[in-house]
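Quick note on the working numbering: the sequence shown kicks off at 7 and runs consecutively. Ideal Cβ placement from N, Cα and C applies to all residues, glycine included. Quantities reported herein were computed from a predicted structural model and do not represent experimental measurements. Notes follow the structure.
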Amino acid sequence: MSTDKTQLARAMAKIEILSFYQNNPHTRDTAEGLAGRLFLDTASVVSALNELEQVGIMARIELSKTAIYRLKVSYATLDEYRLSAKEELPLDGRHSG
Numbered sequence: 007m008s009t010d011k012t013q014l015a016r017a018m019a020k021i022e023i024l025s026f027y028q029n030n031p032h033t034r035d036t037a038e039g040l041a042g043r044l045f046l047d048t049a050s051v052v053s054a055l056n057e058l059e060q061v062g063i064m065a066r067i068e069l070s071k072t073a074i075y076r077l078k079v080s081y082a083t084l085d086e087y088r089l090s091a092k093e094e095l096p097l098d099g100r101h102s103g
């Protein structure tokens, strides 16, 4: 894809992502999931999400090697807190120290 078409695709993806999250502010999804919801190619969505994350609009959460995206102003769910806490514990579930 040419540079102009790539930039246009990324700009359109950002518009679609922001429009989607305006109507669904508590949604958490992967880049692939968002691409499917929005009928966009995954590469454009990944690029757009990275840009939106860099400017502080989106937040990326790494869970089990999978990137989950959400609005940065949206609050984390209790399940997300539990999952992130579990990943920080040793495999046997005990705290060190």
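With a 10 Å radius around the Cβ and a threshold of 16 neighbouring Cβ atoms, S25 comes out exposed. G42 and T33 have their alpha carbons spaced roughly 14 Å apart. Secondary structure at T9: helix, using DSSP grouped into helix, strand and coil.
Counting along the chain, T48 sits inside the alpha helix (DSSP H) bounded by residues 48-60. The C-beta separation of A15 from A37 comes to about 14 Å, leaving the pair out of contact by the 8 Å criterion.
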